[in-house]
Structure formats: structure tokens, C-alpha cells
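The structure under discussion appears below in the form of C-alpha cells.
Chains as they are written, first to last, in our numbering: chain A, 4 to 260; chain B, 4 to 260.
In C-alpha cells, the structure reads:
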């Protein structure tokens, strides 16, 4: 009964959506593939400076899997294994990331205490299609945010599923901040995480990580509809030699959720 | 015994490969997704003229599924349901296609009577990795080529698996021509056909189609290694509303092979 009421409030909130024009050059620029990251291809080739030239909102990780990446308002943040965020130096590299020049095509205010799953359902209601690519920013007040980060790895790199077994987890309560995320269509599952994938940054931009759970109490969602994907494949031997065949949906779920 | 001998000859032929430099702007430009084509999203938005501006080699289909597309040396050919090829007018559209500015990074001479599966195995031996994207041209003499085309559809469009049940099939014997194809990595299976996918054009460029079988007797293969994919998603309602969830590998195999 409680859940039903919450969703009605959300739909009401979303009824105030404003749909803007979408630029023709609205591209999600992606480095490598989720399949390669799962296989332990952690050496980066694309620099933070190069990534920033392709977009101002997005997420990813860093060379040697040295933390979670949050790209917000043109700044690339590195959340290291201690859960602390810092501005990433321009010469750091990334083995996996996706950014886009963000513009808000759909805006919605979100009221009511909702968890991550309910937030995703509410956002889905505002989308024109499940077959397009979306970048998402949700800024507001959170009763709870549970995040993880990943520690820098040494070669030979273990697979991502091994790394996250010992992932450091951090809990924030009554915190203001922004969820930065992507929603990828189901057909893109071999190249990125299907569905929603959020990273978090506190309002003061000193802490964050990969979102495992959250409870949003009040906020604003901005969604950028994207009609193009540009994927740059790594030129290194680790990528060339990795076994990227097979279906990894169970593995993706295990490392992301 | 016979097959073993053929493969040895091929490896010997491939030992003469020359690897060229790959340009940084070497991108495979793709319109829509194989998932959408399977679901019957056949209305095109991208024109032949626009497609030619993004590459000179590739393949695809046309609006309303009006034939097979072969792009060779900068010309876009339309193979209609009668198996005849003509130069496609610039204002025709495509609902699914992929092209790249072709340059030969790997060249190999192919001797010995080999079928399509053996050709694919031979090409695989010359690739630096199974995780990259390749455009392929195989020009030579064929003892046999079996192709199909697809007839123009009327709305409401049937799914592709329905259309190909009645596909017109054409057989060529002792013919010179070119196989134009792509090899997509396994992780790209939701967005394009994984593995090899060839269309054929006769040397006089008057006939062709989607390749079902072939026997090559002598030829030359040129392979373009591509490190980037740019995928443009349709803006129309048919794409937005299609159910593109679920795994379609069985369906892809049924319509392509």
C-alpha cells in the first residue's frame, strides 16, 4: 500500500517533465567494453584529458582499476579505495568509461522516500523508449547511500568478479549529493552494463563511489536522451588477447549490484 | 585429408600478410541495430548519400527491406528481389547498414578450393585479435556462390524471420566477383551479426546478394582492422516502440545463414 502511494506521487512529479530538443551531435563516447573489464583488462590508453574533450557527464574506472570514476559538470573525479573523491589528474588513463556532452532533455522532480529500484522504475516512466541511450543526473537529499570503490590492482590482474569480493563499502546517511548514471538498452549488454548504472558524489565532492543501494528523500532528475554511441576499442595486447566470448550477464550483475 | 591439405595451403598463403598502419579515424559507422531489423523496423532515416559520406565499403539493407546493400569502392549497390544489382539512388534510405573508409591492413592470397566456412577459418588465422572489428573484401574466382535477396515489404512489416522463409535464392557458377563483409566480435552480438557476414557482387556488378554458401577457387583477401564503432540509433516511433529485449542468437543464425 505504501509503495503504491509513492509511485503515484512520482508519476505526478514526472507529469511535469519538460522535453527539450536533442542536438544531432549528442553522442555517448565509450572506452572499451564491459566484457574486457570483467576479464581484467585494466590498463588504460585514453587519458582523462581526452575523455573530458568528449563529454562532461559520465562514469568509469581508472588504469589498474584504481578507483571509481564520476564525471560531473566537466570535472573527472577519482574515488579511491578509501571512498574519498579527488579531481583526477589529466594524465591518468581509463580502461573503461563513458561520457557525453550532457543536456537535460527530460527533467523531473522526485518526492517521497524511494529506494534505488523505485528510483529506476520512476525514471523509466519518463523515458520515450527503452531502446535509446540515456545519461542521468539525480541531485538531491539521500537518507542513505551505500557505495563501494575498488582498490588499485597489480599484474597479473585478477578478473573483476574476484576484485569485488573484497570491495571496500561505505555508507552515507542524510547526505546531499548527485547520482551520475547511464541507462543502456538491453541489446547493448555485451558492450556496457544493461539498465541503470550509477556512481555517487557527495555535494561537497569529497566522497563517493559505485552505488549499491540508496534511499532518496527529495531530488531532481535530469535525463539526456542520446541517439548515438561511439565505442573506442583498446589497441593493447591485453584487450586483443582476452577471451571476450560467452554471455556474462550473471557476472555483470554480480559485480555491479 | 583433403581438408587438412587445403588449410595448410591457406596458412602458407596467409604467411605473406602485410600489416599496414591503421588511421586513427578508422571507424565503422553503423545505422541502427540487428535487434531492430529482426523485429521488423524497416523504415530508413539515413540516406545513401549520408552513408557514402561515412565509408566506401560495407553492407546493409534498404528502407522497407527493399533488397540487400553492397557498398564497394565508394558505390552503394542495391540487389533487389530478382537478384539484380543497380547503383542505389542517393535519396534511398537504410534502416540498417554499416560502412567504413576501407584501407587494407592485412592482405592475403587464397589458393585452393574452399567453402565459406573454410574461408572464414582462413581469414581468422590472419587476424590480430577476435575482439576487434574488421571489414573484409575477398575478390576472386568462385566455382559457386549461393545468394539470397529480400523482397520489399508492406506495412505492417513482418519480422525478418518471417520474410526470409520465402527469400528468393540465386546460384552462380564459375563467376568472378567480390565478397564484401564484416567480422564483428562476439560481445557485439546485440547490435550486429557476430562473426562474419558477407554480401556478394559479381565482377560486372550486375548481380549479387546476401551470401549463403560459396566455393572460392582463387582470390585475394583484404582486411581492414577497425578500432572504433559509431552507432546511430533511429529517431522513429517504430524503433522506440520495438521490443528489443531478449537474446536473439537463434534468430540471427536463422536469418543470416
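C-beta atoms are modelled at their ideal positions from N, C-alpha and C, and glycine is treated no differently.
Confirm, please, whether the CB-CB distance from residue j to residue i is below 8 Å.
i	j	result
residue 82 of chain A	residue 211 of chain A	yes
residue 185 of chain B	residue 137 of chain B	yes
residue 37 of chain B	residue 194 of chain B	yes
residue 40 of chain B	residue 183 of chain B	no
residue 64 of chain A	residue 72 of chain A	yes
residue 172 of chain A	residue 215 of chain A	yes
residue 31 of chain A	residue 103 of chain A	yes
residue 213 of chain B	residue 120 of chain B	no
residue 139 of chain B	residue 53 of chain B	no
residue 282 of chain B	residue 232 of chain A	Because residue 282 of chain B is not part of the residues shown, which for chain B are 4 to 260, the question remains open.
residue 68 of chain A	residue 190 of chain B	no
residue 239 of chain B	residue 94 of chain B	no
residue 114 of chain B	residue 221 of chain B	yes
residue 229 of chain A	residue 85 of chain A	no
residue 175 of chain A	residue 259 of chain A	no
residue 244 of chain B	residue 153 of chain B	no
residue 169 of chain B	residue 254 of chain B	no
residue 117 of chain B	residue 226 of chain B	no
residue 99 of chain B	residue 34 of chain B	yes
residue 242 of chain A	residue 74 of chain A	no
residue 132 of chain A	residue 111 of chain A	no
residue 141 of chain B	residue 124 of chain B	no
residue 209 of chain A	residue 88 of chain A	yes
Run down chain B in chain order and give the residues with a C-beta less than 7 Å from the C-beta of residue i.
i	result
residue 190 of chain A	36, 38, 193, 194 and 247
Kindly indicate the opening and closing residues of the alpha helix (DSSP H) around residue i.
i	result
residue 242 of chain A	240-244
Along the chain, where does the beta strand (DSSP E) that runs through residue i open and close?
i	result
residue 2 of chain A	Summary: the structure shown does not reach residue 2 of chain A, with chain A confined to residues 4 through 260, and so no result is reported for it.
residue 194 of chain A	Premise fails: residue 194 of chain A is in no beta strand (DSSP E) and is neither H nor E.
residue 219 of chain A	211-229
residue 112 of chain A	109-118
residue 105 of chain A	Note, residue 105 of chain A: premise wrong, no beta strand (DSSP E); not H, not E.
residue 198 of chain B	198-205
List, in order along the chain, the chain A residues whose C-beta lies closer than 9 Å to that of residue i?
i	result
residue 184 of chain B	Within chain A, no residue comes near residue 184 of chain B; the closest Cβ sits about 19 Å away, beyond 9 Å.
Interface residues of chain A around residue i at Cβ under 8 Å?
i	result
residue 281 of chain B	Lying outside 4 to 260, the shown extent of chain B, residue 281 of chain B is not represented and no answer is given.
Can a CB atom of chain C be found closer than 8 Å to the CB of residue i?
i	result
residue 242 of chain B	Protein chains in the displayed structure are A and B, and chain C is not among them.
Q. Which residues, taken in chain order from the region 206-239 of chain B, show a beta carbon closer than 9 Å to some beta carbon of chain A?
A. 229, 230, 231, 232, 233, 234, 235, 236, 237 and 238
Q | Selection of the region 117-150 of chain A by Cβ proximity to chain B, strictly under 8 Å | A | 131, 132, 133, 134, 135 and 136
Q. Can you list the alpha helix (DSSP H) stretches of 4 or more residues lying completely in the region 21-101 of chain A, in chain order?
A. 37-41 and 51-55
Q: Counting only runs of 4+ residues fully inside the region 120-191 of chain B, write out the alpha helix (DSSP H) ranges in chain order.
A: 163-166
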